[in-house]
Amino acid sequence: MTDVPVPLVSPVRETALVPDALAAATAAARAAGCQVRPISALPELEAACALFEGIWKPGGENSLATPELLRAMDKAGSYVAAAFEDTRHVGEDTRPVGEGAQLVGACIGFFGPPPDGALHSHIAGVSARMRGRSVGFALKAHQRAWALQRGVTQVSWTFDPLVRRNAYFNIGKLAARPEQYLPNFYGRMDDGINGADDTDRLLVGWSLEDPEVAEACHGRHRSTVTAAQEAAVVLGVSADGRPVPRKATSHSARVAVPADIEQLRRADPACAASWRSAVRDALGGLLADGWRVTGFDRDGWYLLVRKEDAL
Numbered sequence: 382m383t384d385v386p387v388p389l390v391s392p393v394r395e396t397a398l399v400p401d402a403l404a405a406a407t408a409a410a411r412a413a414g415c416q417v418r419p420i421s422a423l424p425e426l427e428a429a430c431a432l433f434e435g436i437w438k439p440g441g442e443n444s445l446a447t448p449e450l451l452r453a454m455d456k457a458g459s460y461v462a463a464a465f466e467d468t469r470h471v472g473e474d475t476r477p478v479g480e481g482a483q484l485v486g487a488c489i490g491f492f493g494p495p496p497d498g499a500l501h502s503h504i505a506g507v508s509a510r511m512r513g514r515s516v517g518f519a520l521k522a523h524q525r526a527w528a529l530q531r532g533v534t535q536v537s538w539t540f541d542p543l544v545r546r547n548a549y550f551n552i553g554k555l556a557a558r559p560e561q562y563l564p565n566f567y568g569r570m571d572d573g574i575n576g577a578d579d580t581d582r583l584l585v586g587w588s589l590e591d592p593e594v595a596e597a598c599h600g601r602h603r604s605t606v607t608a609a610q611e612a613a614v615v616l617g618v619s620a621d622g623r624p625v626p627r628k629a630t631s632h633s634a635r636v637a638v639p640a641d642i643e644q645l646r647r648a649d650p651a652c653a654a655s656w657r658s659a660v661r662d663a664l665g666g667l668l669a670d671g672w673r674v675t676g677f678d679r680d681g682w683y684l685l686v687r688k689e690d691a692l
């Protein structure tokens, strides 16, 4: 007989923040033209795994996730959810999208040590056809509401610090905050996105009760233009697109990343590797020295301040 895991968090419950979080999630999904909900049926879990495989294209026999794993995660009370394209176009109709609707995004997360009660969001992906329509934003807004309903107030995840669009999405749009630089965190992956590059990651924390996070989930986030203009450049870009390191000379700093690291890995692997090393030294070094990331500018700059200045 197989033991049934016991969920680490309480069942669904209402708190003061839940109604607003649910409203934000509903609005985000409607704007993205989708509906987001937990999934548990095998065909849906298989579709989610196929989506992940299609995005990352792992090499060899590696799999990012299997339907069996997602089934167990769901049974244990972890987060397993998907976005389905909503093609009804019927105004304010909020009835569930019918069976057979196309799965266009998915996100999974599991819980950390029981004393922490925090969710780690492990994988999130959106089909190429739906990119640019804010389906990923709808998934994260749903994840926040789902977590708050269960008394969870902290979510973490990792992302490649060289991928500019992900940095802006996580830091600029969601108001998540980097906590730790993790060199070559997953080891060599040899997939369609990471290639043979080291898998450095930024670990971010998402404080779900933070008013700035709540505002972000409603699509309102603060501008970083002024801060970017005032910060000293610690890692810049040369005329031919290569990293140019400099020393931190003030209380605030900027660290650049390339415009499209995935394309650069294919076109000029040596230049891509130089960016990996330079960002590891600059951004990783500043975080290790006690600096804090306060934002990410649309033009491709991490914005940091010394910890004592951020208090």
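If you're matching positions, the sequence shown starts at 382 in this note's numbering and goes up one per residue.
Where a beta carbon is used, it is the ideal one built from N, C-alpha and C, also for glycine.
Model, not experiment: these values are computed from the prediction.
Item: Check this for me: beta carbons of Leu589 and Ala528, under 8 Å apart or not?; Value: yes
Item: Roughly how far, in whole angstroms, is the beta-carbon of Ala648 from the beta-carbon of Val618, given that I think they are within contact range, below 8 Å?; Value: The pair is not a contact, with the Cβ atoms about 16 Å apart (cut-off 8 Å).
Item: For Ser658, report the span of its alpha helix (DSSP H) as first-last.; Value: Pro650 to Val660
Item: Check whether the Cβ atoms of Ala640 and Leu684 sit closer than 8 Å, and answer yes or no.; Value: no
Item: So the alpha helix (DSSP H) Thr534 belongs to, where does it begin and stop?; Value: Element bounds for Thr534: n/a, residue is neither H nor E.
Item: Per DSSP, Ile489 is paired with what?; Value: Val461 and Ile504
Item: So what does Asp678 bridge to, in DSSP terms?; Value: Trp682
Item: Is the beta carbon of Leu432 sitting closer than 8 Å to the one on Gly490?; Value: no
Item: By the 10 Å Cβ neighbour count, where 16 or more other Cβ atoms means buried, how is Val625 classified, buried or exposed?; Value: exposed
Item: Taking the C-alpha atoms as reference points, what is the distance between Asn443 and Ser631?; Value: 45 Å
Item: Comparing C-alpha positions only, which one of Thr539, Phe492, Ala526 and Leu555 sits nearest to Phe566?; Value: Thr539
Item: Are the stretch 456 to 468 and the stretch 424 to 431 touching by the rule of at least three beta carbon pairs closer than 8 Å?; Value: yes
Item: Is any heavy atom in the ligand FMN found nearer than 7 Å to the beta carbon of Arg531?; Value: Inclusion of the ligand FMN in the displayed structure is not the case, the ligand content being empty and no account of it being possible.
Item: What separation, rounded to the nearest whole angstrom, lies between the Cα atoms of Leu645 and Trp682?; Value: 18 Å
Item: Is the beta carbon of His523 sitting closer than 8 Å to the one on Val417?; Value: yes
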